[in-house]
Amino acid sequence: MIWRGEGKSLLIGARSALLINPPIYDTQYWARWSQPHGLLKVATWLRNNGYKNLRLLDCLATNEKRKVNYRRRQIVDRGNVRRQVNEYGWPLAKLKLELIKHTNGDLFRPDEIWITSIMTYWWESTRDVIDLIHEVFPENTPRILVGGIYPTLHPEHAEENLTRGNDRIVIVPGEICVEAANSWTDLSLYRDPVYETYPKYAIITGSRGCPFNCGYCAQLKLNNGNRQVRHRSAVDVADEIEAKYRNHGIREIAFYEDNLLFNREEFLERLEEIQRRGLKLEFYAPEGIEPRLIEKELLTKMRQAGFQKIHLALETIDNEIARNWNRRQATIEKFDKAVEIARECGFKSGAEELNAFVIFGLPGENLQAVVNTAIYASHHVGSVVPMLFTPVPGSLIYEQHENYIREQGFDLQQLNGKLLPFLEYNQMLYPDLEASDYLELEAFMMRLNSSKVYSKRFDILGESQVAEAFRGVLARSIL
Amino acid sequence: MASLLINPDIKDLLGGQKYLIINAPAVDTRLPWAAWHHPYGPLLIGTELSSRGNDVRFVDALYSSSEGKIPRTKINTFEIDKYKIDNWQFGTPPGKIVNILQGWIKEGWSPDVILISCAISYWWPATTDLIHRIKKQYDIPVYLGGGYPTAYPEHAIANTEADYVISGNLTGISCQATDFSIYKPLSHPLISAVRLFASTETGNLVARPKESFVHEILEKAKLGVSKFILFDECISIDQYQSLRDILTSVISSNPRVLGNRLKPLFIAPGNISPKLIDKDLAVLFRDANFRTISFHDDISHEPYKVQYPSTFEDYRNSVAALHGAGYKPRTEQIDAAVLIGLPNENITDLAKRVIELSSIVGSVHLVPYQFTPNNNVGNKYTDWLSQHNGHLDLSHLNGKLYPLARLAGAKLEEYWELNRLVALLNSKYHNHTFDFSSDSLVSNMVRNSINSRLWDPFYKETQIEEVR
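Chains F and E, in that order, are what the protein sequence lines are. Here my numbering is used: the first residue of the first sequence is 1, the next is one more, and so on. Here my numbering is used: the first residue of the second sequence is 1001, the next is one more, and so on.
Okay, here's the thing in structure tokens:
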């Protein structure tokens, strides 16, 4: 069943729960900033509502090097390439052993099992975890609740594929309640012998919401159509950070927010509050920052507070393309200005302190514009972060191409950007386009970042004799 | 004051029965491919001494771990063209080597003679330190040989406390294979240098008997040595038939230990002439398990004159043959060496050559020219150096800092740029390098973007403004 109601109505008197972050099936996985922060907030909220026994089974918990193990799951043929889909995180067999401990008296028997399911194209592993729960708890199965981005963006899919008519499985779309959403994450759950290491970082969400509706982004649906940016108080955010610093030894903080800088004053206040406490911390915003919101005072304070890197949402240098993606607010002029300010504030280009996201793999895209954007970003920023587009239910582009997706017979796992869901669509524009061209394009962008000698990388648009010779050879080899 | 010995016969060194041979630590700005720095010459001398019934022990200060790691300590930082460059001592520190010797002497093994090899001239400070520490404690005769005293015998006499300085090669060595048993009681490496050809006194190359080569490989493979690096300077078309014979022998030897097939793997690091490989040889290389074929830069050079006897067509033919034999295009399996750092070379031409070779071969590596006096090539530059006020301190003749090119007016930055370009051209993603000159969709778009300035979102507007 899909739950729609007041947050507290989810609570039906249970006192013990397991919290599961399932493994995932994907071709690649970046585990550096991957804490299941939603689930960790739910843990705090449950504790505040009388739960006595909680245990976290984070199948994607990283090792000392902040990586997760993986095994090959299957090979997917995509056009002229074969992509290997891996199973990242704990094998289900390990999860099973942990679950069994809760049936044989070793550990508490849970009244409930809360599962977080993040990316829509990872839904299959959530299904497999639910099957495993039924296998381990064939009778008196604990009540299962599934939340996270996937059930929020496609609750009907989740109901059909996860509950399969079982009323004891509850799909929880969207945020449960403000109290849960604003809860602190409970890192103490990692003090469990099942984990190889204790987290070195924490994810903090100080605000939710964004007034824009970029075509490729589903934040509006995630925020239940609410364009307002809602933020926690600066003191509360700083308190959470300080508690993590003092009680958990955390020294790295990643802000995960829909539009980090939108509420400028609030964010400045937050930075000041953090700085006032004299904590030696490093800050990151790996989800990116809207370039047009960057200004000198703000960025200077961010640098002073301990921001190490800036990821700018460039996406494209073509303003017309940006307008077509409903990104009217983001122009190349504003991006350029942001880069200039970032440099003035001490963020070095070419040293991965400044990074630019470049999106590609969209339906009907102009591939030449993608290449142009990558070259421009590499020249101006120094570090290009290629992002393969995934059509996410709830986003404008998904809705515009829903018919195509249906006609192709794609299920959500096939919409994983790394599996190039719009390859055939774009072949209508580029008849010679192959799947390997996308890999080559991604590889080209990655290579632009990786030629450092004496802390500088090769700038193909640079002014050195070597760079000129490089361009000269390229001019000669036009076919 | 040391005595100078020029090309002495090995029997002149026979002053006892116990010999300690030390491959000295290095002093350098960097030591890439540390695992491939194999003390072939000193090992050969040790093997010869051992075969003559002597008790030989060997300490390789540049021994690297199985991951190719080698310890290093920063010595100093100096500046060239505003670049701060760190100088490191690589390998087992001299103090530790003396401790090893001390331990052996305590156990009752005391060498009658110590032979120290310093391979590269500007590595001399660590050798000086090592000899000083040994002489301070022990009255054991020390012979110093290797590239350093060969090139700069007077410097070695003046700056070390060696009793004998050997300039040139030791003659009278008949062994052709190195014997790893002299590493005992220390452990031997899992990588070995091997040579297919030996140089005669007239400078001609003579192939080793194939049985001797195969025997060496088998014996070392049984010790667990899994990689063999060809240390021949260049294998050219003249060696074609001998090379075929040796490869055929390696393949037919089908090395086995206790029924298990050994799979020794070979690497040719920049010593295969681009003129050499045809379809048959490519297949033999593959079947003999040559993992990496790296082409030699068949360059002939002297001040004001550089010639490349091998054409791009030669490279194309060899690469096509290797691809036909199953070597994967644009991977680390095929590579080309490019010599740089010569005076008066044109950096633009060099960059173009690098790009062209990268496109043809898939991967390139730069080889900085190391000036060394007292040999055929180096002698051509000795006069040029003195004309250009080039009496530089040894430490400034490190080829990795392109001293000759800088004396001729080039900037270090341009050479770093060349290195950066090579890093870009060699960078692999999904195990492949990118060919900027290919006819692929992405390559075309990259060229189009650069040539038509499509990457510049303000360019069109500027042009329109200008027209107005």
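For each residue, glycine too, the CB sits at the ideal point set by N, CA and C.
Kindly examine the ligand GTP and report whether one of its heavy atoms sits closer than 7 Å to the Cβ of residue i.
i: E:Phe1371; result: In the structure on display, the ligand GTP does not appear, and there are no ligands present to speak of.
Below 8 Å on the Cβ atoms is my guess for residue i versus residue j; work out the distance and round it to an integer in Å.
i: E:Val1361; j: E:Ala1320; result: Contact doesn't hold; Cβ gap of about 11 Å is too wide.
i: E:Pro1264; j: E:Ile1217; result: 5 Å
i: E:His1038; j: E:Ile1229; result: 6 Å
i: F:Val136; j: F:Ile169; result: Not quite, the Cβ-Cβ distance comes to about 15 Å (not below 8 Å), so this is no contact.
i: F:Trp3; j: F:Ile118; result: That pair is no contact at about 18 Å.
i: F:Tyr190; j: F:Leu56; result: 7 Å
i: E:Ile1134; j: E:Ile1114; result: 6 Å
i: E:Ala1002; j: E:Asp1163; result: 6 Å
Run the CB neighbour count on residue i, radius 10 Å, all protein chains shown included, and call it buried at 16 or more, exposed below.
i: F:Leu54; result: buried
i: E:Pro1274; result: buried
i: F:Asn86; result: buried
i: F:Ala14; result: buried
i: F:Leu19; result: buried
i: E:Val1354; result: buried
i: F:Gln219; result: buried
i: F:Trp123; result: buried
i: F:Ser451; result: buried
i: F:Val235; result: exposed
i: E:Ala1198; result: exposed
i: F:Ile405; result: buried
i: F:His37; result: buried
i: F:Trp30; result: exposed
i: E:His1132; result: exposed
i: E:Ala1268; result: buried
i: E:Arg1030; result: exposed
i: F:Met1; result: exposed
i: F:Leu479; result: Only weak support exists for where F:Leu479 lies, its pLDDT of 44 falling under 50; the coordinates are left without a value.
i: E:Thr1127; result: buried
i: E:Val1446; result: buried
Give the single residue among the options whose Cα lies nearest to the Cα of residue i.
i: E:Asn1054; options: E:Val1206, E:Trp1109, E:Phe1436, E:Gly1103; result: E:Trp1109
i: E:Asn1346; options: E:Gln1307, E:Lys1135, E:Lys1184; result: E:Gln1307
i: E:Cys995; options: E:Ala1351, E:Leu1196, E:Trp1033, E:Phe1058; result: Nothing about residue 995 of chain E can be read from this structure; chain E reaches only from 1001 to 1468.
i: E:Lys1220; options: E:Pro1457, E:Tyr1183, E:Glu1413, E:Arg1316; result: E:Tyr1183
i: E:Tyr1402; options: E:Gly1145, E:Gln1387, E:Pro1039, E:Val1367; result: E:Val1367
i: F:Tyr438; options: F:Arg83, F:Pro151, F:Tyr29; result: F:Arg83
i: F:Phe307; options: F:Asp318, F:Glu315, F:Gly288; result: F:Gly288
i: F:Phe470; options: E:Val1422, E:Arg1052, E:Trp1384; result: E:Val1422
i: F:Asn161; options: F:Ser125, F:Gly174, F:Thr185, F:Asp111; result: F:Ser125
i: E:Asp1012; options: E:Asn1374, E:Pro1149, E:Tyr1429, E:Leu1170; result: E:Leu1170
i: E:Leu1144; options: E:Ala1151, E:Ile1134, E:Ala1156, E:Ala1268; result: E:Ala1156
i: E:Ala1405; options: E:Phe1371, E:Ser1437, E:Pro1094; result: E:Phe1371
i: F:Leu145; options: F:His157, F:His134, F:Trp114, F:Pro151; result: F:Trp114
i: F:Ile294; options: F:Glu440, F:Asp58, F:Ile310; result: F:Ile310
i: F:Thr152; options: F:Asn140, F:Asn104, F:Thr116; result: F:Thr116
i: F:Gly209; options: F:Leu261, F:Asp192, F:Val237, F:Lys244; result: F:Leu261
i: E:Phe1312; options: E:Ser1252, E:His1388, E:Phe1295, E:Gly1324; result: E:Phe1295
i: F:Ala202; options: F:Asn247, F:Leu441, F:Phe335; result: F:Asn247
Find the residues of chain C that neighbour residue i, judging by a C-beta separation of less than 8 Å, and give them in chain order.
i: E:Lys1352; result: The structure shown contains no chain C; the protein chains it does contain are F and E.
(request) Indicate whether the contact test is met: 3 or more Cβ pairs, each with one atom in the segment 242-255 of chain F and one in the segment 278-285 of chain F, closer than 8 Å. (result) Contact holds: three or more Cβ-Cβ distances are below 8 Å.
(request) Decide yes or no for the touch test of the segment 1375-1394 of chain E against the segment 1112-1119 of chain E: beta carbon pairs closer than 8 Å, at least 3 of them. (result) no
(request) Return the chain-ordered ranges of every alpha helix (DSSP H) run that is complete within the segment 1265-1330 of chain E and spans a minimum of 4 residues. (result) 1279-1287, 1312-1324
(request) Tell me the start and end of each unbroken alpha helix (DSSP H) in the segment 1115-1144 of chain E that is at least 4 residues and wholly inside, in chain order. (result) 1124-1137
(request) Scan the segment 103-159 of chain F and note each continuous alpha helix (DSSP H) run of 4 residues or more that stays entirely inside, going in chain order. (result) 123-136, 149-153, 155-158
(message) Could you check whether the segment 1063-1077 of chain E touches the segment 1087-1097 of chain E, counting it as contact only if at least three pairs of C-beta atoms, one from each stretch, sit closer than 8 Å?
(response) The count of Cβ pairs closer than 8 Å, one atom from the segment 1063-1077 of chain E and one from the segment 1087-1097 of chain E, reaches three, so the stretches are in contact.
(request) Any chance you could list the beta strand (DSSP E) runs of at least 3 consecutive residues sitting entirely within the segment 262-293 of chain F, in chain order? (result) 282-284
(request) Write down every uninterrupted run of the alpha helix (DSSP H) in the segment 328-352 of chain F whose length is 4 residues or greater and which is fully enclosed by it, in chain order. (result) 332-344, all fully within the segment 328-352 of chain F.
(request) Check whether the segment 1047-1063 of chain E touches the segment 1005-1024 of chain E, taking contact to mean three or more Cβ pairs, one atom from each stretch, closer than 8 Å. (result) Yes, the segment 1047-1063 of chain E touches the segment 1005-1024 of chain E.
(request) Flag this pair as touching only if the segment 317-330 of chain F and the segment 204-217 of chain F have three or more C-beta atom pairs under 8 Å; answer yes or no. (result) yes
(request) Identify every run of the beta strand (DSSP E) within the segment 207-250 of chain F, keeping only runs that are complete inside it and at least 3 residues long; order them along the chain. (result) none
(request) Could I get the ranges of all uninterrupted alpha helix (DSSP H) runs contained in the segment 1356-1418 of chain E, with 4 residues as the minimum, in chain order? (result) Runs found: 1376-1387, 1403-1407.
(message) Quick check: the segment 359-367 of chain F against the segment 181-197 of chain F, are at least 3 beta-carbon pairs closer than 8 Å?
(response) no
(message) As an exercise, report each continuous alpha helix (DSSP H) stretch of at least 4 residues that is fully enclosed by the segment 1171-1229 of chain E, in chain order.
(response) 1210-1222
(message) Please give the ranges of any alpha helix (DSSP H) in the segment 348-433 of chain F, keeping only runs that are unbroken, at least 4 residues long and fully inside the region.
(response) 367-380, 396-400, 402-408, 423-427
(message) If we require 3 or more residues per run, which beta strand (DSSP E) segments fall completely within the segment 1019-1088 of chain E?
(response) 1026-1028, 1055-1060, 1072-1080
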